[in-house]
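Participant: Residue numbers (full-length UniProt numbering): 1 to 283. Even for Gly, the Cβ is constructed at its ideal location relative to N, Cα and C. Since this is a predicted model, take the numbers as computed values, not measurements. The structure that follows is given in the form of structure tokens.
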Amino acid sequence: MTTTIPTAGPAAPRSTRSSRPASTLTRTSGIGLGVTMLWFSLLVLIPLVAVIITASSGGWSAFASQLGNEQTASAIWLTIRAAVVVTLINVVIGTVIAWVLVRDRFWGKGLLEVIIDIPFALPTIVAGLVLLSLYGAESPLGLHLANTSMSVYLALAFVTLPFVVRMVQPVLEELDADVEEAAASLGASRFTTFRRIILPSLAPAIAAGAALSFARGMGEYGSLVLLSGNLPFKSEVASVRILSAIENDNPEGAAAIAAMLLVVSLLVIVVLDLIQRRMVRRG
């Protein structure tokens with residue numbers, strides 16, 4: 001009697017599912033993540049939550065009444081308007097400056113590179129003093145802009161100048177010139193090459209620089225103290241209004257203004273992110 005030994009069937013296919021755990025954090029990475037979140041919470045998250053809680057402590061009606069004050073509304077509107085206008089100017093002028101610094105060679109280029117970074121290093125109160133000496137009542141240029149609404153735009157333009165330049169410049173340096181040459185060899189005009197090849201690559205950097213520029217403009221204070229004069233309904237900005245509320249023992253009003261600036265800044269950042277994503281897809 002013979003016994004038939006069954007042959008082994010085909011090996012079962014291995015599962016295509018990855019055997020790696022869902023989390024690849026090592027103990028060291030986990031500690032680093034915990035320290036990062038703790039530091040972020042102490043510096044950013046907890047203070048923001050405290051501001052929102054203080055602003056809403058009196059209910060919606062109290063929050064609306066704080067922002068409904070004519071002087072407060074005027075200061076907020078001037079701040080938003082100036083930040084938007086200056087950001088749009090920086091998007092154009094900052095991109096042009098970055099282009100000149102990367103693509104052109106000229107005498108004094110190194111000096112210009114240093115000068116662009118001065119608003120980063122200069123204390124804002126010193127910036128206000130410099131601008132006041134140039135555009136104040138005794139302006140050597142004949143431009144008397146101090147204590148006017150134009151002084152707000154001027155101060156914000158000064159302190160936000162480097163953001164777009166420094167965000168766009170390294171990206172522009174990394175662009176492959178061969179791609180532009182290939183587009184030109186295929187008959188594309190310079191404008192088409194810029195719109196379809198260069199601009200989509202620069203869009204994320206431009207959007208990031210614009211977001212930083214807008215955020216800095218919304219919260220600027222030091223350069224405006226001396227130059228703008230802080231005149232109600234004329235040159236008073238939201239940051240000065242917040243200080244006035246605190247000095248008048250009105251923390252709820254100060255928190256309400258801060259919360260409004262926070263909401264506006266977040267909305268602008270989201271809009272800029274959506275715009276740059278759409279430009280990248282269309283490019």
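Going by beta carbon distance, what residues of the same chain come within less than 6 Å of ALA208, once the five residues before and after it are set aside?
Facilitator: MET167
Participant: Please confirm whether ALA238 and ALA75 have their CB atoms less than 9 Å apart.
Facilitator: For ALA238 and ALA75, yes; Cβs fall inside 9 Å.
Participant: State the DSSP-derived secondary structure class of LYS234, mapped to helix, strand or coil.
Facilitator: coil
Participant: Assuming VAL152 and LEU224 are in contact, meaning their beta carbons sit under 8 Å apart, how far apart are those beta carbons, in whole angstroms?
Facilitator: 6 Å
Participant: How is TRP77 classed by DSSP in three states: helix, strand or coil?
Facilitator: helix
Participant: Distance check for GLU173 and GLY34, CA to CA, integer angstroms please.
Facilitator: 36 Å
Participant: With burial defined as no fewer than 16 other Cβ atoms inside 10 Å of the residue's Cβ, what is the status of ASN248: buried or exposed?
Facilitator: exposed
Participant: According to DSSP, is ASN90 part of a helix, a strand, or is it coil?
Facilitator: helix
Participant: Note down, in chain order, each residue of its chain lying with its Cβ closer than 7 Å to the Cβ of ALA259, except the 5 sequence neighbours on either side.
Facilitator: Only VAL51, ILE52, ALA55 meet the Cβ criterion.
Participant: Note down the Cα distance separating VAL179 from ALA205, rounded to an integer number of angstroms.
Facilitator: 19 Å
Participant: Checking 9 Å against the spacing of the C-beta atoms, do PRO232 and PRO162 come in under that value?
Facilitator: No, they are not a contact pair.
Participant: Label ILE242 either buried or exposed according to how many other C-beta atoms from any shown protein chain fall within 10 Å of its C-beta, with 16 as the threshold for buried.
Facilitator: buried
Participant: Among ALA73, THR124, LYS109, which one has its Cα closest to the Cα of TYR221?
Facilitator: Residue THR124 is the option with its Cα nearest to TYR221.
Participant: Using 8 Å as the threshold, is the stretch 211-221 in touch with the stretch 69-84, meaning 3 or more CB pairs across them?
Facilitator: yes
Participant: Compare the beta carbon distance of LEU101 and LEU112 with 9 Å and say whether it is the shorter of the two.
Facilitator: yes
Participant: Can you name the start and end residues of the alpha helix (DSSP H) that TYR135 belongs to?
Facilitator: Element bounds for TYR135: 124-135.
Participant: Under a Cβ-count criterion, where at least 16 other Cβ atoms within 10 Å of its own Cβ denotes burial, should GLN276 be classed as buried or exposed?
Facilitator: buried
Participant: Quick one: using the 10 Å Cβ neighbour count with 16 as the cut-off for buried, is GLU70 buried or exposed?
Facilitator: exposed
Participant: I need the DSSP call for PRO170, collapsed to helix, strand or coil.
Facilitator: helix
Participant: Nearest by alpha-carbon distance to LEU134: which of GLY187, LEU266, VAL91, LEU226 is it?
Facilitator: LEU226
Participant: Assign SER57 to one of two classes, buried (16 or more other C-beta atoms within 10 Å of its C-beta) or exposed (fewer than that).
Facilitator: exposed
Participant: Distance, Cα to Cα, PRO251 vs SER29?
Facilitator: 40 Å
Participant: Which residue's Cα is closest to the Cα of ILE257: MET218, LYS234, VAL268?
Facilitator: MET218
Participant: Who are the near neighbours of ILE269 in its chain, counting only those whose CB is closer than 6 Å to its CB and skipping five residues on each side?
Facilitator: ALA211
Participant: What's the gap between the Cα of PHE191 and the Cα of THR87?
Facilitator: 23 Å
Participant: For ILE97, I'd like the list of residues in its chain whose CB is within less than 6 Å of its CB, leaving aside the five on either flank, ordered along the chain.
Facilitator: VAL165
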